[in-house]
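Heads up, the numbering used here is the position in the sequence shown plus 254, with the first residue counted as 1.
Below is one structure, written out as structure tokens; comments come after it.
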Amino acid sequence: GTSHAFVSSRAASLLEKDKSELNVISAHLGNGASVCAIEKGKSVDTSMGFTPLEGLIMGTRCGDLDPAILPFISHLKGLTIEEIDTLMNKKSGVYGICGYNDFRD
Numbered sequence: 255g256t257s258h259a260f261v262s263s264r265a266a267s268l269l270e271k272d273k274s275e276l277n278v279i280s281a282h283l284g285n286g287a288s289v290c291a292i293e294k295g296k297s298v299d300t301s302m303g304f305t306p307l308e309g310l311i312m313g314t315r316c317g318d319l320d321p322a323i324l325p326f327i328s329h330l331k332g333l334t335i336e337e338i339d340t341l342m343n344k345k346s347g348v349y350g351i352c353g354y355n356d357f358r359d
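Laid out in structure tokens, this is it:
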């Protein structure tokens, strides 16, 4: 996204290189989090997937999970799909670990 585009532009400027000569790995850690491989100034791979749940742990999102965890949590805790969705998107990640959703805390 825009964070990785800014990082690659800034890195090119600091290194006094043209973006087309730049190969970097950019990590964005915030309420959203992702890693991006940038080759010759273009994104070639990212940790993001179909939804923001895929990839790295984030401020309130869990990141990658084994798909079998969904029925396991449903049976163990008696939660509905909607409740599990809320748990994974709003009550997991850094917030679920320590009670704060900001990596700076």
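Note that beta-carbon positions come from the ideal geometry of N, C-alpha and C, so glycine has one too.
Query: Counterpart residues of His282 in DSSP-defined beta bridges; Result: Ser288
Query: Counted within 10 angstroms of its Cβ, other Cβ atoms place Ser263 as buried (16 or more) or exposed; Result: exposed
Query: Cβ neighbours of Met342 in the same chain (closer than 8 Å, five flanking residues each side left out); Result: Leu307, Arg315, Cys316, Leu319
Query: Alpha carbon of Val278 to alpha carbon of Thr300, nearest angstrom; Result: 12 Å
Query: Rounded Cβ spacing between Ile311 and Ala287 (contact assumed at less than 8 Å); Result: 7 Å
Query: Between the CA atoms of His329 and Ile423 - distance to the nearest angstrom; Result: Past the boundaries of the shown model lies residue 423; the chain is included only from 255 to 359, so the question cannot be answered.
Query: Inter-residue spacing [alpha-carbon to alpha-carbon] between Val261 and Gly332; Result: 44 Å
Query: Any chain C beta carbon closer than 8 Å to Asn285; Result: The structure shown contains no chain C; it holds only a single protein chain.
Query: Proximity to Thr256 [Cα-Cα], best of Asp356, Leu269, Ser280; Result: Ser280
Query: Three-way DSSP call (helix, strand, coil) for Ser297 in this model; Result: strand
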